[in-house]
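To keep things clear, I will list the structure first and then write my remarks on it.
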Amino acid sequence: METSAAVVSLASEGELDQTRKRWSNKVYRKKLLYTACLLFGNFMSGWINGQRGPSLLDLVIITGTDLSQGSAFFTAAATGSVVGAIAGGAIYDRFNKYLSLFISIAGHGLVVAVIPLCSPYWLMIAMFFTQEIFLGIFKTGSNVELVRVWGVESKPYMQALHFLFSLGGIISPFVLHPFLAVRKLGYNNTTQLTGTGNSSYQQQDYANASDIVSTHQQQTRIVWPFLMTGLLTILSSVPFLIVFLFARQAKHKNATKALNGKRQGKMLPRKLLVLTLGLLGIFYFFLDEVDDSSVSFLASYVVKQFKWTKIMGARITSVFWAAFAFGRLAAIVFIGYVSHVKVCGVFFFFLILAQVGMIFAGLYLSTVSMWITAFAVGFSLSVSFPAMLTWIEKDFVQLSGKIMSVIFIFVGLGGMVNPQIIGHLMQVCSPLWYNYVLAIESVLVFLSFLMLVWLVKKVLSKHHSSYTDTTDTAEEMEEPLDKDLEKA
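Next up, the structure:
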């Protein structure tokens, strides 16, 4: 026992010495500071994403449309995300990365600030499209930047990056819901009384906001939280401008290059690269369909199926984001000790169980089950996206602006399809189709994940083990995908 205690004590002292050495390293401190800038930007991106679902019914009021038409906002956003991903891949590998991060996140905040002022339907769609172009550029750059800075050590930092995104999504609905339209609105001389728990609210049936007689803009005050969000997002862009100005000075160029972490540098022949990106694209297509639509339509679903108030819809959205954030926070600790295949496989399996549970909660109108399954879905989706990115870097191919761009293109394509399908089916058939569609897509996520496992074990592992980087084979191989990183 004494020997074991001595060994533990020596190990603890060794870890403390290692920590002290790291903190005394200026490069390490600079990496942490720069990572904090990336975290703040992603926190605000999550904040914006978290308020999008709960505010949908108010945006429908502002534009005088119904839920089916309002789902076009999300389709426009997904289309903009694809355009932003294409632009992000080109910009990151060819232009100054710090300046592109500054412009993209600042532009994102500026557009978000004016969204509630856009009462014309076409203008609202245009704003959703534009904000996602900026966000697509920022997401592409920030994810690759994190891997560039930390290299093989990026697993916990990638989880932290996406945890801050989730944390923003938790907070924003609470900030938003005091400004949502829950007052009595006159339309066709009728009102609907809805309530949950011990509270009741008189509010309109949001199925067709064009029936409302009173002035739309006077019934919602979401312009204020959107304005605050936009200003904070613009503030999060300032550190990248400072780093850009700092890095331009000749005396600091070597310090900037020192931020580069150790990369694993995997490369693939062109044909194998195309196969890999195709299977990754299929996976990310279905993953985003489940990930984005689960939270975007959650508030609208509980309002229509369970007859809850919009405030309760905002709260269950926060519960979803809380589970999302909790999973990523926990993953910061355990992700370094568990293989990517095991952790993703387990989480995707529980995702299917959670989606099936939500179907039964909706069928039997079980309030308790709805809260539990909403938490379970959020938790099951939490780890997948950042874990998959570090898995790609480890076992597939080295991440670059181009690779990240391809991933986000498929993510955007998935987001383009689902809003129209779910919004239409919820409007003309039943709100339960929200559950049915997402359950089917969760199964497809798991199947596409199994295809990637097969690709790694049967194809890529053999290629990487036999690959030798020599001048004789260089012409047959894809050029290093990060060769332009230092040109900026």
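According to the numbering used here, the sequence shown is numbered sequentially starting from 7. Cβ coordinates follow ideal geometry from the N, Cα and C atoms, glycine included.
Fully contained in the segment 363-440 are the following alpha helix (DSSP H) runs of length 4 or more, in chain order: 373-388, 390-397, 407-434. When Cβ pairs closer than 8 Å are counted between the two stretches, the segment 412-425 is seen not to touch the segment 315-324, the count staying below three. In the DSSP assignment, ASP294 forms no beta bridge with any residue. Residue state for PRO126 is assigned as coil, using DSSP reduced to three classes. It is roughly 10 Å from the alpha-carbon of GLY287 to the alpha-carbon of SER454. Cβ neighbours of PHE353 within its own chain (closer than 7 Å, five residues either side excluded): SER386, VAL389, SER390.
Between the segment 397-411 and the segment 143-156, the count of C-beta pairs closer than 8 Å reaches three or more; the two stretches touch.
Contact between ASP72 and GLN433 holds: CB atoms are separated by about 7 Å, below the 8 Å threshold.
Between the alpha carbons of GLY351 and THR81 lies a gap of roughly 29 Å. With respect to HIS114, THR239 sits close: the two C-beta atoms are nearer than 9 Å. According to DSSP, ASP99 shares a beta bridge with no other residue. The count of Cβ pairs closer than 8 Å, one atom from the segment 294-312 and one from the segment 417-430, reaches three, so the stretches are in contact. Cβ neighbours of VAL325 within its own chain (closer than 6 Å, five residues either side excluded): ALA380, PHE381. Taking 4 residues as the shortest admissible run, the segment 30-74 contains the following complete alpha helix (DSSP H) segments, listed from N- to C-terminal end: 32-58, 62-69. In this structure, the beta-carbon distance from GLN165 to ALA42 does not fall below 9 Å. In the same chain as GLN426, and ignoring 5 residues on each side of it, the C-beta atoms closer than 8 Å to its own belong to SER77, ALA78, THR81, in chain order.
Counting along the chain, ILE338 sits inside the alpha helix (DSSP H) bounded by residues 316-340. Between PHE171 and SER51, the C-beta spacing is below 9 Å. Taking each of TRP53, LEU395, LEU431, PHE356 in turn and checking the Cα distance to VAL181, the smallest one comes out for TRP53. For LEU233, the enclosing alpha helix (DSSP H) begins and ends at 229-253. Nearest to VAL383 by alpha-carbon distance, out of SER372, LEU359, TRP397, is LEU359. In the structure shown, THR136 falls within a helical segment according to DSSP collapsed to helix, strand and coil. In its chain, beyond the 5 residues on either side, GLN165, HIS168, PHE169, SER172, SER388 have a beta carbon closer than 6 Å to the beta carbon of ARG334. Residue range 304-311 is occupied by the alpha helix (DSSP H) that includes LEU304. Taking a contact to require three or more Cβ pairs closer than 8 Å, the segment 79-98 and the segment 130-137 qualify as touching. Taking every protein chain shown into account, the CB of ASN31 has fewer than 16 other CB atoms within 10 angstroms, so this residue is exposed. Under the three-state reduction of DSSP output, VAL344 falls in the coil class, being neither helix nor strand. Taking the Cα positions, TRP460 is about 31 Å away from ALA93.
In the DSSP assignment, ILE176 falls within the alpha helix (DSSP H) that extends over 160-182. Ranking ILE139, VAL153, SER436, TYR98 by CA distance to the CA of LEU395 puts VAL153 first. The beta carbon of TYR307 is closer than 6 Å to those of PRO437, TYR440 in its chain, skipping five residues each way along the sequence.
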